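34 is the number of the first residue of the sequence shown in the numbering used here; add one for each residue after it. C-beta atoms are modelled at their ideal positions from N, C-alpha and C, and glycine is treated no differently. In this text, all values refer to a predicted model and were calculated from it rather than measured experimentally.
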Amino acid sequence: MQKSSFFNSINGDRKYNASDYAAYFGSFIGNGVYPNPGNNLAVTASGGMNISVAAGKAWINGYYYENTGTFNMSIDVADGVLKRIDRIVLRLDHLNRQIALSVLKGTPASTPTARTLTRNADIYELAIADILINNGDTAILQANITDQRLNSDLCGIVHGTVEQVNTSEIFNQYQAALDSFKKEKNEDFITWVENLKDILDENTAGNLLNLINDNTSNLDTHLSDYVRQPYSGKVDSDSTSTEYKVTLTPPLTAYEDGLPITIIPNVDCSASPKLNVSGLGATPLLDADGVALTEGAMKANKPYSFVRVGSNFFIRSGSGGKPLQVNYTGSCKIVAETATKGYIECYSSGTLSFSDRLPQTVDVFLVGGGGGGSSSGNSYVGGGGGAGGYTKTFYKVKPSTPVTITVGAGGTAGSTGGSSTYTWLTSASGGGGATSSNGANGGSAGGGGMILSSSTWSAGGVAGSNGGNGTPAYYIKGSSGAGSNGTGQGTPTTDFWGRIHAGGGAGGAGGNTSTGVGTSGDPGTSSFTAGSGSAGQTGSVGVMGCGGGNGGGGYGGGGGGGGYGSSTRGTGGSGIVIIRWGY
34 MQKSSFFNSI NGDRKYNASD YAAYFGSFIG NGVYPNPGNN LAVTASGGMN ISVAAGKAWI
94 NGYYYENTGT FNMSIDVADG VLKRIDRIVL RLDHLNRQIA LSVLKGTPAS TPTARTLTRN
154 ADIYELAIAD ILINNGDTAI LQANITDQRL NSDLCGIVHG TVEQVNTSEI FNQYQAALDS
214 FKKEKNEDFI TWVENLKDIL DENTAGNLLN LINDNTSNLD THLSDYVRQP YSGKVDSDST
274 STEYKVTLTP PLTAYEDGLP ITIIPNVDCS ASPKLNVSGL GATPLLDADG VALTEGAMKA
334 NKPYSFVRVG SNFFIRSGSG GKPLQVNYTG SCKIVAETAT KGYIECYSSG TLSFSDRLPQ
394 TVDVFLVGGG GGGSSSGNSY VGGGGGAGGY TKTFYKVKPS TPVTITVGAG GTAGSTGGSS
454 TYTWLTSASG GGGATSSNGA NGGSAGGGGM ILSSSTWSAG GVAGSNGGNG TPAYYIKGSS
514 GAGSNGTGQG TPTTDFWGRI HAGGGAGGAG GNTSTGVGTS GDPGTSSFTA GSGSAGQTGS
574 VGVMGCGGGN GGGGYGGGGG GGGYGSSTRG TGGSGIVIIR WGY
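Next comes the structure, spelled out in structure tokens:
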């Protein structure tokens with residue numbers, strides 16, 4: 034097909050697209066960046082994990098690009114173990130109709146390579162720089178930025194009708210010339226030394242040799258210092274919680290800025306610990322904000338990486354060191370196992386906040402308040418036991434701050450316990466309150482009250498535990514008319530560590546008209562005594578006692594039922610909310 038351009042249009046018979054103009058310019062303007070000024074679109078480190086691209090112009094396949102001022106870009110954080118190479122490119126994007134700077138993030142590897150450029154009908158890329166990002170780097174060094182603007186395979190210089198100059202070939206010619214020059218001068222040096230032997234006497238030559246040997250030894254020592262870095266290993270056995278010691282062989286001769294080191298403590302650190310390398314002096318260990326590490330921020334047998342800056346060692350990003358700052362307005366217990374791992378047990382309602390940073394995710398365990406026990410409204414029958422609170426568990430919840438926490442209160446006699454909540458999550462309802470002689474439904478069920486026997490004493494109903502139902506009441510003769518046992522949630526009421534919560538309350542005992550004592554049934558067991566429901570009061574038949582039901586065990590435990598003849602019944606125990614992070 035024959036094509037020609039450009040001509041004036043008559044009644045719209047000559048229409049041209051941007052691609053027509055691009056093809057026209059591309060026929061005599063080659064791909065690449067402008068050579069002048071020398072820093073045209075040059076990439077430089079600008080502090081931390083940031084770079085800047087200087088103002089400049091470029092052409093790609095006949096399309097023009099200009100950056101009118103310094104353009105700042107952020108580079109993703111380094112991998113903790115592997116290296117990678119990120120490539121800075123100019124991308125011609127026909128779908129989005131633009132040319133723009135972009136980062137081709139490399140794949141972490143022990144021997145990393147830069148990603149291949151995309152060059153197809155839709156996208157065409159020029160690489161202007163490659164950035165080596167070593168494992169654990171917290172800042173980009175200018176020495177790790179490779180300028181690719183003169184590489185004609187990746188970018189090159191804008192040219193006219195003359196084809197692109199193969200700068201790679203010129204580079205090889207310069208390198209060959211340099212190698213030849215070095216070889217020639219090396220031969221001249223050897224000849225000079227041989228002539229020097231004839232000039233120097235034995236004593237002069239010997240003294241000179243000693244000086245050379247001393248200087249070589251010093252150079253080898255300094256070389257070893259840097260070859261061995263970064264050091265990674267356990268601290269010396271005589272290290273303490275306030276001063277960790279590391280002995281290098283050969284020893285480090287002086288502290289240098291940028292010196293990296295990874296240590297494995299032998300004991301948990303005290304407040305404001307220090308590090309002493311090769312006896313050069315104890316140096317403070319600081320967090321990334323320049324604050325001395327707190328007690329317990331470093332745990333025994335865990336690795337921590339530092340870098341020397343000025344007269345301090347700063348912990349490297351991702352190496353921990355500073356525990357999460359957790360605050361709670363209610364009654365609680367906070368445990369920081371490591372800088373990034375811990376939990377909080379909330380015993381009353383309040384507001385939870387993280388003052389410095391958020392954990393990535395949290396796990397949440399909720400126990401509602403226990404239900405209250407009942408007193409029987411029927412003749413000769415003990416009251417039913419209240420149920421333990423319902424439980425719910427949530428994993429990998431995205432945290433926020435602040436967070437409203439509600440801890441369900443225990444139910445009063447015959448009342449349902451309060452719900453426990455973590456902000457917007459579905460709440461864990463409180464255990465049911467018992468009615469009359471019937472045991473209540475809940476996390477773990479309440480036991481039913483037992484009926485009076487005409488000839489023998491009977492015990493109250495046995496409550497459920499760990500999410501179970503109430504079991505048949507203990508009796509010797511007959512159970513017709515006894516209260517029914519409640520139904521549990523059917524799943525365990527255990528927390529993250531397998532501890533049982535929310536036991537049901539036992540039913541109250543019935544009695545008889547002869548001799549003996551009616552005893553209460555067994556309550557639901559738990560791993561805790563705190564948060565348990567209270568017992569119902571002992572009733573009587575004549576002068577004979579009828580035991581009240583015992584309260585269910587653990588946070589959110591149900592209240593016990595009252596014994597026959599008593600109107601006093603147990604109240605439910607308060608619930609609990611447990612939140613953990615770093616697991």
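**Asked** Are the segment 273-280 and the segment 297-315 in contact at 8 Å, needing three or more beta carbon pairs?
**Response** yes
**Item:** Beta-ladder partner(s) of residue 458, from DSSP
**Value:** Paired residue(s): none; residue 458 is not in a bridge.
**Message:** Could you give the first and the last residue of the continuous beta strand (DSSP E) run that contains residue 347?
**Reply:** 345-348
**Request:** Just mark residue 510 as buried or exposed, buried being the case when its beta carbon has 16 or more other beta carbons within 10 Å.
**Result:** Note that residue 510 scores 42 on pLDDT, short of 50, meaning its location in the model is unreliable; the coordinates nonetheless yield the value given after this. It is exposed - the Cβ of residue 510 has fewer than 16 other Cβ atoms within 10 Å.
**Request:** Compute the distance between the beta-carbons of residue 403 and residue 605, then report whether it is under 7 Å.
**Result:** yes
**Request:** Spatial neighbours of residue 528 within its chain, please: CB distance less than 7 Å, with the 5 preceding and 5 following residues excluded, ordered by chain position.
**Result:** 398, 534, 611
**Message:** If I measure Cβ to Cβ from residue 99 and keep anything under 6 Å in the same chain, skipping five residues before and after, which residues do I get?
**Reply:** 90
**Message:** Can you find the residues in the same chain that come closer than 7 Å, C-beta to C-beta, to residue 56, ignoring five residues on each side of it along the sequence?
**Reply:** 95
**Request:** Buried or exposed for residue 47, please, with buried defined as at least 16 other CB atoms from any protein chain shown within 10 angstroms of its CB.
**Result:** exposed
**Message:** I need the boundaries of the beta strand (DSSP E) containing residue 294, first residue and last residue.
**Reply:** 293-297
**Message:** Quick check on the DSSP output: the beta strand (DSSP E) that includes residue 396 runs from which residue to which?
**Reply:** 395-400
**Asked** If you count every other CB in all the chains shown that lies within 10 Å of the CB of residue 390, and 16 or more means buried, which is it?
**Response** exposed
**Message:** Please classify residue 50 as buried or exposed, where buried requires at least 16 other C-beta atoms within 10 Å of its C-beta.
**Reply:** exposed
**Request:** Please list, in chain order, all residues of the same chain as residue 442 whose beta carbon is under 6 Å from its beta carbon, the five residues on each side excluded.
**Result:** 402, 451, 607
**Message:** Less than 6 Å between C-beta atoms, sequence neighbours within five positions excluded: which residues of the same chain meet that for residue 182?
**Reply:** 66, 161, 188
**Item:** Stretch pair the segment 158-178 + the segment 65-80: three plus CB contacts closer than 8 Å
**Value:** yes
**Prompt:** Are the Cβ atoms of residue 444 and residue 405 separated by less than 7 Å?
**Reply:** yes
**Message:** Let's test the definition: count the other Cβ atoms within 10 Å of the Cβ of residue 44 and tell me whether it reaches 16, buried, or not, exposed.
**Reply:** exposed
**Prompt:** Between residue 426 and residue 456, which are expected to be in contact by the criterion C-beta below 8 Å, what is the C-beta distance as a whole number of angstroms?
**Reply:** With 8 Å as the limit, residue 426 and residue 456 do not qualify as a contact, their Cβ atoms being about 16 Å apart.
**Item:** With 16 other Cβ atoms within 10 Å as the buried cut-off, status of residue 507
**Value:** Confidence in residue 507 is poor, its pLDDT being 47 and thus under 50, which makes the residue's placement too unreliable to answer from.
**Item:** CB of residue 558 within 7 Å of CB of residue 536, strictly
**Value:** yes
**Item:** N-terminal and C-terminal residue of the beta strand (DSSP E) that residue 386 is part of
**Value:** 383-387
**Asked** What residues in its chain sit with their C-beta under 6 Å from that of residue 141, if we drop five residues either side in the sequence?
**Response** 112, 115, 117
**Message:** For residue 275 and residue 306, I'd like the C-alpha separation in whole angstroms.
**Reply:** 4 Å
**Prompt:** Would residue 155 be called buried (16 or more neighbouring beta carbons within 10 Å of its own) or exposed?
**Reply:** exposed
**Request:** State yes or no: is the C-beta of residue 501 within less than 7 Å of the C-beta of residue 521?
**Result:** yes
**Request:** Decide yes or no for the touch test of the segment 357-368 against the segment 325-333: beta carbon pairs closer than 8 Å, at least 3 of them.
**Result:** no
**Item:** Contact set for residue 379: own chain, Cβ-Cβ below 8 Å, skip 5 residues either direction
**Value:** 361, 363, 364, 365, 385, 438, 440, 609, 610, 611, 612
**Prompt:** Taking DSSP as the reference, what is the three-state secondary structure of residue 175?
**Reply:** helix
**Asked** For residue 288 versus residue 349, is the C-beta distance shorter than 7 Å?
**Response** no
**Request:** Use the C-beta contact count for residue 531: other C-beta atoms within 10 angstroms, 16 or more gives buried, fewer gives exposed.
**Result:** exposed
**Item:** Own chain partners of residue 85 with C-beta closer than 7 Å, once the 5 adjacent residues on each side are dropped
**Value:** 77, 79, 103, 104, 105
**Prompt:** Where does the unbroken beta strand (DSSP E) through residue 133 begin, and where does it stop?
**Reply:** 131-137
**Prompt:** Over what stretch of residues does the beta strand (DSSP E) that includes residue 424 continue unbroken?
**Reply:** 424-430
**Per-residue DSSP class, three states only, for residue 224** = helix
**Prompt:** Just how far apart, CA to CA, sit residue 216 and residue 228?
**Reply:** 19 Å
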